[in-house]
Structures are given as structure tokens and as C-alpha cells.
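Here the structure is laid out as C-alpha cells; the discussion comes afterwards.
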């Protein structure tokens, strides 16, 4: 018991404050990244830009040239590739919990992202296959999604995204 209230903000409050200060474009990018990065998977810049429905120049202006670059971080990637993530997987989990809120909403975001896969980009294909097989699929680590949500996510990747790789089809 103390008479003085603690002056420090909680981690959740700090994360939420960072999120609310972002532009709308940066918020969209942040949420999309959080849905991937909660699994420890970064997102290739090309896919991230397509899912935010903006131009590269607008993305650069609103992410790289603002404070958003403090929370939307470039992560180590193979040569000639640019990947983004968040500062930590736990932050991604908290963002999903607090700002995405429901598994239906998260599934909808994943459907939207996976519908935008460029199957000629090996980085995108590899990351999305990893998400589907290691985390979302029937033997995956994600257990919060319903069978309907899982089906919708796989369908988006296969039907709209064109990800018809045998390893993905096997897990569908």
C-alpha cells in the first residue's frame, strides 16, 4: 500500500498512445504488420504497400519521413529485399488484442493481405506459406481461429492470391 500513485504508464498504454498518434495510413500499415508480426513474420515492403492501398511515394512520406518509422521498423532481410516488422512480437500481439479486437477482424485483415500476394515475388510467397503452414493451417500453432476463418484465409491465398503451391494446398 502506498499513498502515491505510480507515475509510469503501462506497456499497453504506451503502445496504444503510439498507435493513436499515427496517421491513418501508418495505422493501417501498423495493424497489417501486427497481424503478421504476432507470429514473428515480417512483411515485404511490396506487400505492405499494396495492402495499405497507397503509392510508394506516399508510403515513404508517411512512414519513413515521420515518427512512424520508430514503430514500423525495417528488419534484417535477404539481399535486395526490404522487410518490415514491429519492435517486438509482444507489441504486435498487444496491438492485435487492443485495436483489432476480434478474431473475425483479424481473419478479415489476413484475408485482405493474402489476397494481395504477388506470386512472382519469392519473398512474399515464402512468408505467406510460412504463415499458412506453420501458424494458420490445421497443424499450425494458431488456435484462436475458427475452421471457417481458417478456410477463408486459405481461400484468399489460393483463389485471389494465386498461391497454389502443393505444400499450401496440402494443408488446406
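Numbering (our numbering), first residue to last: 226 to 397.
Where a beta carbon is used, it is the ideal one built from N, C-alpha and C, also for glycine.
Taking each of 395, 354, 250, 382 in turn and checking the Cα distance to residue 285, the smallest one comes out for 250. Taking a 10 Å sphere around the C-beta of residue 391, we find fewer than 16 other C-beta atoms and assign the residue as exposed. Scanning 307, 326, 393, 270 for the CA closest to the CA of residue 362 turns up 393. Counting every other CB atom within 10 Å of its CB across the protein chains shown gives residue 295 a total below 16, marking it as exposed. Taken atom to atom, the span from the alpha-carbon of residue 344 to that of residue 368 is near 27 Å. Residue pairing from DSSP places residue 268 in a beta bridge opposite 309. In this structure, the alpha-carbon of residue 245 lies about 8 Å from that of residue 252. Taking a cut-off of 8 Å on C-beta distances, the segment 321 to 333 does not touch the segment 265 to 284, as fewer than three cross pairs fall below it.
Inter-residue distance for residue 375 and residue 273 is about 21 Å (C-alpha atoms, whole angstroms). Residue 332 is not a Cβ neighbour of residue 292, given a cutoff of 8 Å. In chain order, 314, 317, 318, 321 place their CB closer than 7 Å to the CB of residue 263, counting only its own chain and leaving out the 5 sequence neighbours on each side. If you look at residue 299, you'll find it in the beta strand (DSSP E) that goes 298 to 300. If the five residues before and after residue 269 are omitted, its C-beta is found closer than 6 Å to the C-beta atoms of 308, 348, 349, all from its own chain and listed in chain order. Excluding sequence positions up to five before and after residue 352, its CB lies within less than 6 Å of the CB of 266, all in the same chain and listed in chain order.
Look at residue 397 here: in three-state DSSP terms it is coil, with no helix or strand label. When the beta-carbon positions are compared, residue 311 and residue 386 stay at least 8 Å from each other. The Cβ atoms of residue 342 and residue 304 do not sit closer than 8 Å to each other.
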